[in-house]
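K.L.:
Numbered by this note's numbering, the letters in the sequence shown go through residues 23 to 483 in order.
Just so it is clear, CB atoms sit at the ideal spot from N, CA and C, and this is done for glycine as well.
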Amino acid sequence: MKLFYIKVAPLTTTLLSFVDDGTILAQSKQLDDNNVGLRKAYKIIYLLFVAFALVLEHDKTELFHFSRRRDTYNPSLDLGYAPHTGVTPLKPKTYWRYLGFYFDCRLTFHEHVRYYATKAFTTMQAMRMLGNSTRGLSPKQRCLLYRLCVVPIATYSYRLWYFDGAHNKGVMNQLKRMQQKAALWIMGAFHTSPTGGLEALAGLIPVHLMLKKLATRAVYRVATLSDTHPLHSMMGESLLKRATPHACSAALMTPAMRGKVKSTVMEVDERVHTLTESFEPFAPEACPGDQLLDHYADHLHFDEADPLTVLAATDGSVPQSNQYQAASAAIIYKGHCELERTRYVSGRATAPDAELNAISCTVRLAVKQANCQHFMVLTDSMGSAHRAVDPSIHSGQAFSLSVCRALQEWFEADDLRHITFVYVPSALRWDIHGEAHKYVTELKVRVGRCKTDNSIDTLCS
23 MKLFYIKVAP LTTTLLSFVD DGTILAQSKQ LDDNNVGLRK AYKIIYLLFV AFALVLEHDK
83 TELFHFSRRR DTYNPSLDLG YAPHTGVTPL KPKTYWRYLG FYFDCRLTFH EHVRYYATKA
143 FTTMQAMRML GNSTRGLSPK QRCLLYRLCV VPIATYSYRL WYFDGAHNKG VMNQLKRMQQ
203 KAALWIMGAF HTSPTGGLEA LAGLIPVHLM LKKLATRAVY RVATLSDTHP LHSMMGESLL
263 KRATPHACSA ALMTPAMRGK VKSTVMEVDE RVHTLTESFE PFAPEACPGD QLLDHYADHL
323 HFDEADPLTV LAATDGSVPQ SNQYQAASAA IIYKGHCELE RTRYVSGRAT APDAELNAIS
383 CTVRLAVKQA NCQHFMVLTD SMGSAHRAVD PSIHSGQAFS LSVCRALQEW FEADDLRHIT
443 FVYVPSALRW DIHGEAHKYV TELKVRVGRC KTDNSIDTLC S
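1) Which word fits Ala-352, buried or exposed, when buried means at least 16 other C-beta atoms lie within 10 angstroms of its C-beta?
2) Can you tell me whether Tyr-120 is buried or exposed? The criterion is at least 16 other CB atoms within 10 Å of its CB, across all chains shown.
3) How should Asp-436 be labelled, buried or exposed, when 16 other C-beta atoms within 10 angstroms of its C-beta is the threshold for buried?
4) Just confirm the distance between the C-beta atoms of Thr-286 and Phe-185, as a whole number of angstroms; I'd bet it's less than 8 Å.
5) Mapping DSSP to helix, strand and coil, what is Glu-302?
6) On the criterion of 16 or more Cβ atoms from any shown chain inside 10 Å, does Ala-272 qualify as buried, or is it exposed?
7) Quick check: the Cα distance between Thr-36 and His-87, rounded to an integer number of angstroms?
8) Assign Glu-84 to buried or exposed, taking buried as 16 or more other Cβ atoms, counted over all protein chains shown, within 10 Å of its Cβ.
9) Is it the case that the Cβ atoms of Leu-333 and Leu-322 are separated by a distance below 8 Å?
10) Give me the Cα-Cα distance between Leu-25 and Glu-79, rounded to the nearest whole angstrom.
11) Among the residues of its own chain, which have a CB less than 7 Å from the CB of Thr-107, if the five just before and after it don't count?
12) For Leu-112, write down the residues that DSSP places opposite it in a beta bridge.
13) Using DSSP's beta-bridge definition, name the partner residues of Val-467.
14) Tell me which same chain residues have a C-beta within less than 7 Å of the C-beta of Pro-97, skipping the five on either side of it?
15) Got a sec, what are the start and stop residues for the alpha helix (DSSP H) Val-241 sits in?
16) Hey, would you say Arg-468 sits closer than 8 Å to Ser-424, going by beta carbons?
17) For Ser-300, which residues from the same chain have a beta carbon less than 7 Å from its beta carbon, with the 5 sequence-adjacent residues on both sides left out?
18) State the Cα-Cα distance for the pair Thr-442 and Arg-136, rounded to the nearest angstrom.
19) Val-294 to Ile-478, Cα distance in whole Å?
20) Name the residue from Gln-395, Asp-412, Ile-454 whose alpha carbon lies nearest to the alpha carbon of Leu-438.
21) Can you name the start and end residues of the beta strand (DSSP E) that Asp-412 belongs to?
22) I need the DSSP call for Leu-262, collapsed to helix, strand or coil.
23) Among residues of its own chain, excluding the 5 on either side of Gly-158, which ones have a beta-carbon nearer than 6 Å to its beta-carbon?
24) Between Val-193 and Trp-183, which are expected to be in contact by the criterion C-beta below 8 Å, what is the C-beta distance as a whole number of angstroms?
25) What's the gap between the Cα of Lys-234 and the Cα of Arg-61?
26) Below 8 Å on the Cβ atoms is my contact criterion, and I expect Tyr-495 with Thr-401 to pass it. Report the Cβ-Cβ distance as a whole number of Å.
27) If you measure between the beta carbons of Val-462 and Ala-349, is that distance less than 8 Å?
28) Note down, in chain order, each residue of its chain lying with its Cβ closer than 8 Å to the Cβ of Leu-167, except the 5 sequence neighbours on either side.
29) Identify the continuous alpha helix (DSSP H) that holds Gly-187 and give its terminal residues.
30) Got a sec, what are the start and stop residues for the alpha helix (DSSP H) Cys-490 sits in?
31) If we call anything under 8 Å between Cβ atoms a contact, is Thr-291 one with Leu-261?
32) Taking just the CA atoms, how far does Leu-47 sit from Tyr-27?
33) Leaving out the 5 sequence neighbours to the left and right, which residues in its chain are closer than 7 Å to Pro-306 when beta-carbon positions are compared?
34) If you drop the 5 nearest sequence neighbours on each side, which residues of the same chain put their C-beta closer than 6 Å to that of Leu-38?
35) Report, in whole angstroms, the separation of the C-beta atoms of Tyr-355 and Ile-454, which I expect to be a contact under 8 Å.
36) Judging by CA-CA distance, which residue of Pro-303, Glu-362, Val-229, Leu-274 is the nearest neighbour of His-416?
Rendered as structure tokens:
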């Protein structure tokens, strides 16, 4: 709600309110002008409350200044209402806590990181009673406990201060010291042990790499949002979609301004295009009640056993070297006759995504075969098999939608048709599945110069 606009200052004063908590924002080129606007705005709000028989608790009022000044000038505010009048004005706070975030005057977020790094360190110190080098939890259990309970605390709202171009070297040092203490506890090592070696033995990702992974995954998650999501209103023209541009949107910035502004929004606008995977948040096949499993649950079978009859085998392969792309393969048999055999690269993707790609190809080839009512798919990833018939948003959704559309049309043509997914461990190299594994691992294709991520799960640890 815009309260008023003073042309002389110029000063803009805005009121943000939620239930019984209100925030008055004043913006100008001088802190003293801000105080003038805040005093007038506070009086207007107070009179409005009195008119509606409501009461403002003056003693709970807080003042905070955001300023780029390098000096220590931080003026107090004569609110005009007791107790903040005359010789006892309202003094500004050094830090402001809002929705769990700690803001400082220059938005460096040093206090925010210090608070949560200390909180994470305290939590980790309390866990020391659960085990040491001789008894209690094993190192593996301690590492799991640290990653599940401490890391989320330490990285809470990290996107406020971690983005491309941010000066956060000093901030990350606090998190590095916290993780060093955690590594010492996990391994039961001496305090003089080198940090890098400890983190490697404990199975911990270095802090700077962990934050980079989390930030990149957060950037890619924007691709899963609907076209009218409010976050799109802050993006550039290519990501604006059907959202209305915000006043501070990157779409309204000049090229010179875009080169100077460094923020989380600008990072998303620049880096989300490296993800080639596409999503459909409101795909018709993903609507609750209209999904494939809702209509044809009896036609889908997930068999964990090793049957004697096999019609198809799928496999995906992710090379150990990141210089090569992942690959997928599918081999289709009918009796002892081979009908189809295909393999292709899947880009930079995880093993489950490569498996899902192979299953999608197999299903699309199988439904084209004549005189086929029961189709069995051998796979060493039952998780990918389940995801193949799940059209909701997840990594590899495009392949799942392709499977659902093909199977839905295939099932509708004959009620007796059904498909069975059979789990076969890849290590067994069993018959046709071993042949598919050998077939896919022989395909070696290097990654191109323009490195793109073909799967949102490439950042999952």
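P.N.:
In short:
1) In the sequence shown, residue 352 corresponds to position 330, counting from 1. Ala-352 should be labelled buried.
2) Reading the sequence shown from its first residue, position 98 is the one you call residue 120. Residue burial is scored here from C-beta neighbours: Tyr-120 has fewer than 16 other C-beta atoms within 10 angstroms and is therefore classed as exposed.
3) By 1-based counting over the sequence shown, the position of residue 436 is 414. It counts as exposed.
4) For the purposes of this step, residue 286 is identified with residue 264 of the sequence shown, where counting begins at 1. For the purposes of this step, residue 185 is identified with residue 163 of the sequence shown, where counting begins at 1. Correct: roughly 5 Å between the Cβ atoms.
5) Here the question's residue 302 lines up with position 280 in the sequence shown. The three-state secondary structure of Glu-302, taken from DSSP, is coil.
6) Counting from 1 along the sequence shown, the entry for residue 272 is found at position 250. Result: buried.
7) As a position in the sequence shown, residue 36 is number 14, starting the count at 1. As a position in the sequence shown, residue 87 is number 65, starting the count at 1. For Thr-36 and His-87, the distance between alpha carbons rounds to 15 Å.
8) Within the sequence shown, the letter at position 62 stands for residue 84. Exposed: under 16 other Cβ atoms inside 10 Å.
9) Position 311 of the sequence shown, counted from the first residue, corresponds to residue 333. Position 300 of the sequence shown, counted from the first residue, corresponds to residue 322. Against a cut-off of 8 Å, the Cβ pair of Leu-322 and Leu-333 comes out as no contact.
10) The residue you call residue 25 lines up with position 3 of the sequence shown. The residue you call residue 79 lines up with position 57 of the sequence shown. Its pLDDT being 46, under 50, Leu-25 is placed unreliably in this model, and the value from its coordinates should be taken loosely. The alpha-carbon atoms of Leu-25 and Glu-79 are separated by roughly 20 Å.
11) The sequence position of residue 107 within the sequence shown is 85, counting from 1. Contacts found: Asp-100, Leu-101.
12) Here the question's residue 112 lines up with position 90 in the sequence shown. Bridge partners of Leu-112: Leu-99.
13) Here residue 467 refers to the residue found at position 445 when the sequence shown is read from its first residue. Bridge partners of Val-467: none, in fact.
14) Within the sequence shown, the letter at position 75 stands for residue 97. Excluding positions up to five away in sequence, the list reads Leu-53, Asp-54, Asn-57.
15) Within the sequence shown, the letter at position 219 stands for residue 241. Unbroken alpha helix (DSSP H) run through Val-241: 229 to 243.
16) Your numbering for residue 468 matches position 446 in the sequence shown. Your numbering for residue 424 matches position 402 in the sequence shown. Not a contact, by the Cβ cut-off of 8 Å.
17) Along the sequence shown, read from residue 1 onward, the residue named residue 300 stands at position 278. These residues qualify, in order along the chain: Ala-420.
18) Position 420 of the sequence shown, counting from 1, holds the residue named residue 442. Position 114 of the sequence shown, counting from 1, holds the residue named residue 136. Rounded to the nearest angstrom, the two C-alpha atoms are 54 Å apart.
19) In the sequence shown, counting from the first residue as 1, residue 294 sits at position 272. In the sequence shown, counting from the first residue as 1, residue 478 sits at position 456. Between Val-294 and Ile-478, the C-alpha separation is close to 11 Å.
20) By one-based count along the sequence shown, residue 438 stands at place 416. Here the closest residue by C-alpha is Gln-395.
21) Against the sequence shown, residue 412 aligns to sequence position 390. Per DSSP, Asp-412 belongs to no beta strand (DSSP E) and is neither H nor E.
22) In the sequence shown, counting from the first residue as 1, residue 262 sits at position 240. If DSSP states are grouped into helix, strand and coil, Leu-262 belongs with the helices.
23) For this step, residue 158 is matched to residue 136 along the sequence shown. Answer for Gly-158: Leu-152, listed in chain order.
24) Residue 193 sits at position 171 when you count from the first residue of the sequence shown. Residue 183 sits at position 161 when you count from the first residue of the sequence shown. Going by Cβ atoms, the distance from Val-193 to Trp-183 rounds to 6 Å, so yes, they are a contact pair.
25) Counted from its first residue, the sequence shown places residue 234 at position 212. Counted from its first residue, the sequence shown places residue 61 at position 39. Answer to the nearest angstrom: the Cα atoms are 44 Å apart.
26) Nothing can be reported for residue 495, as the shown portion of the chain is limited to 23 through 483.
27) Residue 462 sits at position 440 when you count from the first residue of the sequence shown. Residue 349 sits at position 327 when you count from the first residue of the sequence shown. Yes, they are a contact pair.
28) Taking the sequence shown and counting its residues from 1, the one referred to as residue 167 is at position 145. Only Met-149, Leu-152, Leu-159 meet the Cβ criterion.
29) For the purposes of this step, residue 187 is taken as the residue at position 165 of the sequence shown. Counting along the chain, Gly-187 falls outside any alpha helix (DSSP H), and DSSP gives it neither H nor E.
30) Any answer about residue 490 is impossible in this case: the structure gives the chain only from 23 up to 483.
31) Residue numbering aside, residue 291 sits at position 269 when the sequence shown is read from its first letter. Residue numbering aside, residue 261 sits at position 239 when the sequence shown is read from its first letter. Looking at the sequence provided, one finds Asp at residue 291 rather than Thr. The answer is yes: Cβ separation under 8 Å.
32) As a first step, residue 27 is located in the sequence shown; it is residue number 5 there, counting from the start. As a first step, residue 47 is located in the sequence shown; it is residue number 25 there, counting from the start. Only weak support exists for where Tyr-27 lies, its pLDDT of 44 falling under 50; the coordinates are left without a value.
33) The residue you call residue 306 lines up with position 284 of the sequence shown. Once the five neighbours on either side are set aside, the close Cβ partners of Pro-306 are Asp-312.
34) In the sequence shown, counting from the first residue as 1, residue 38 sits at position 16. For Leu-38, where only same-chain residues beyond five positions count, the Cβ hits under 6 Å are Thr-45.
35) Locating residue 355 in the sequence shown gives position 333, counting from the first residue. Locating residue 454 in the sequence shown gives position 432, counting from the first residue. The pair is a contact, with the Cβ atoms about 6 Å apart (cut-off 8 Å).
36) Locating residue 416 in the sequence shown gives position 394, counting from the first residue. Selected option, being the one with the closest Cα: Pro-303.
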